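The structure appears right after this line, and notes come after that.
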Amino acid sequence: MLRAARALLDLTQPDASKMCRVAVRTLVAAERGEGSLGTLHKLMGGYMGAGIIFGGTGDYKEQSVTLVLREAPEVPPIPTA
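In the numbering used here, the protein residues as written are 1 to 81.
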């Protein structure tokens, strides 16, 4: 879920580590499932502050990562013939 959140935010590992205030190697370890609970909280907090919503069921069978945009993206005009 951490990699999915980072991808939705279009962040590189160095950018995400700066935003979440962790070392790049700490971020890489967490994305591999090897991070501590404190690291997980830091990363999830940083991503949530950027608009990510983590969801899922209590048994972890279903998990979701959603990006909520602060403003709608600009839509290009429809070309006329």
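Even for Gly, the Cβ is constructed at its ideal location relative to N, Cα and C.
These numbers come from a predicted model, not from an experiment.
Item to check | Reduced DSSP category for Ser-36 - H, G, I as helix; E, B as strand; rest coil | outcome: Position 36 of the sequence shown, counting from 1, holds the residue named residue 36. Coil.
Checklist entry - Between Leu-43, Arg-70 and Glu-62, which lies nearest to Ala-23 when the distance is taken from Cα to Cα? => result Taking the sequence shown and counting its residues from 1, the one referred to as residue 23 is at position 23. It is Leu-43.
Next on the checklist: Between Thr-39 and Ala-50, how many whole angstroms is the CB-CB distance? I'm expecting something under 8 Å.
Outcome noted: Residue numbering aside, residue 39 sits at position 39 when the sequence shown is read from its first letter. Residue numbering aside, residue 50 sits at position 50 when the sequence shown is read from its first letter. That belief does not hold up - the Cβ atoms of Thr-39 and Ala-50 are roughly 17 Å apart, past 8 Å.
Checklist entry - Which residues bound the beta strand (DSSP E) around Val-65? => result Within the sequence shown, the letter at position 65 stands for residue 65. Here the beta strand (DSSP E) through Val-65 covers 63-67.
Checklist entry - Where does the unbroken beta strand (DSSP E) through Ile-52 begin, and where does it stop? => result Walking along the sequence shown from the start, residue 52 turns up at place 52. Per DSSP, Ile-52 belongs to the beta strand (DSSP E) from 52-56.
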